[in-house]
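Okay, so the sequence shown: first residue is 95 according to our numbering, each after it adds one. Glycine is no exception: its CB is placed at the ideal position from the N, C-alpha and C atoms. None of the values given here were measured: they were computed from a predicted structure. Presented below is the structure to which this report refers.
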Amino acid sequence: MEHTRAFLAYDTLCRIAAEIPEDGEQLLEQCVSKKSLLYDKAGEEHYNLISALHKSMRNSDPDAAVYWLARMLEAGEDPLYVARRLIRFASEDIGLADSRALEIAVAAYQACHFLGMPECNVHLTHAVVYLSLAPRSNAVYRAYDAAKQDALHMLDEPVPLVIRNAPTRLMGELGYGEGYVYAHDTEEKIAAMECLPESLRGRRYYLPGEAGSEARAKQKLEAVLRWRAAHAPGGPPKGCPARRAQSSSTGRRAYRPQNPRSPRAHNRRRMRCSPRHSPAAPLRAASPRSG
C-alpha cells in the first residue's frame, strides 16, 4: 500500500503545480477531494486489472469486461497494450471456434494505432464485447503447450528423411526427400507420409472441440486421420508415384541423381511422375541422369 499512497500524493502535487493558486488552501482541498483512479502501469494494480479484463471476457461477461477496460483506459493505460492483450485472447481462448475474433482484435489494434485515445476507446469496446460473446476453445493454446514440452525434451530428434529438402546431389544420395509425395498430385490432397520423428509417431497435439466453427475443423481432422489409418505409411497413394522434395534455393523440385555404386541403388527401380502418364498407364523406370 505504501507505493499506492506515494502515487496518490504525487498525483496531488502534479495537480497543484499545474495551476497558479490564488488561494492555496482552497485549491489543496479541491485536489485532495477529487478521486484518483487506483492504477500503476508498472505495479501490481496494472496486472490485477488486465487479469480482471481477461477473465471477465473468458467468463462471457461483457459488462464486467467493459468496466475493467474503462478502468484501465481512464487511468492512462496505453490502448495498444490493451489491444495486444485482446489479440492474445482471441487465439488463446477462442481459436478456431471463431477465427473472426482474431481479425477483429487485430483491426482494433490498428484502429488504436491510427486514432489513439480517446477516439479508439469505442473500437476496443467493440472488440471486448465481441470476444466476450464468442464461442470458446483453448485447443490451439493446449496444442502448442503440449508440443512445446516435447520440443524442449526432444531437441535432438532428426527431421524424417522423407520431408527433408534436397538441394544438393550429396543430400539426394543420402536419401533426403526419398519417397516424398506432393499432396496436390493426389486425389484426396493428402499423402500417406509420417511427418513426425519416429519417437513421436502418432502423437496428437491439436485436439479440437465442438464449439462454433471448430466443429467443422474436428470433422475434417477426423476424416484425415481415418484416411491415413487406412493407407500404408510406407508408400505414395495409389496412382501417384513419389515426387521429389522442393528445393528451397530454386523454388523447383530438386533432382536427386542416383549413384549406381550406392547400396541404396542396388536392385531398386526409380519411378518418375510425369503429366504424360495417367494413373492407369504403365510407368517406366527412370534412367540415371547426369547432374
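Check	Outcome
On the DSSP letters alone, give me the boundaries of the alpha helix (DSSP H) that D244 sits inside.	233-247
Name the two residues that bound the continuous alpha helix (DSSP H) containing P173.	173-183
In angstroms, rounded to a whole number, what distance separates the CA positions of Y175 and G210?	12 Å
Can you tell me the Cα-Cα spacing of D105 and M151, whole angstroms?	31 Å
Can you list, in chain order, the residues of its chain with a C-beta nearer than 6 Å to that of H217? Leave out the 5 residues immediately preceding and following it.	A202, A205
What do you get for R350, buried or exposed, if any count of 16 or more other CB atoms within 10 angstroms of its CB means buried?	The predicted position of R350 is uncertain, since its pLDDT is 40 and thus under 50; a value taken from the coordinates is nonetheless stated next. Its Cβ being crowded by 16 or more others within 10 Å, R350 is buried.
Would you mind working out which of L143, A237, I181 sits nearest Y300, comparing C-alpha positions?	A237
I'd like the span of the alpha helix (DSSP H) that includes G266, first residue to last.	263-267
Expressed to the nearest angstrom, what Euclidean distance is found between the alpha-carbon atoms of V275 and D192?	32 Å
Within 10 Å of its beta-carbon, does W321 have 16 or more other beta-carbons around it, so buried, or fewer, so exposed?	exposed
Classify P302: buried if its beta carbon has 16 or more other beta carbons within 10 angstroms, exposed otherwise.	buried
Can you name, in chain order, every residue of its own chain whose Cβ lies under 8 Å from the Cβ of I284, other than the five neighbours on each side?	A277, V318, W321, R322, P331
I'd like to know whether the C-beta atoms of S226 and A159 end up nearer to each other than 8 Å.	yes
What would DSSP say about D105, mapped onto helix, strand or coil?	helix
Spatial neighbours of A177 within its chain, please: C-beta separation below 6 Å, excluding the five flanking residues on both sides.	A202, Y203, C206
Which two residues bound the contiguous alpha helix (DSSP H) that contains S154?	It is not in any alpha helix (DSSP H) - S154 carries neither H nor E in the DSSP assignment.
Give me the Cα-Cα distance between A221 and F183, rounded to the nearest whole angstrom.	11 Å
Report yes if the C-beta distance between A199 and L180 is below 8 Å; otherwise report no.	yes
To the nearest angstrom, report how far apart E251 and R297 are at their CA atoms.	14 Å
With 16 as the cutoff for other CB atoms within 10 Å, does A195 come out buried or exposed?	buried
Provide the residue span of the alpha helix (DSSP H) that contains S226, from first to last.	215-227
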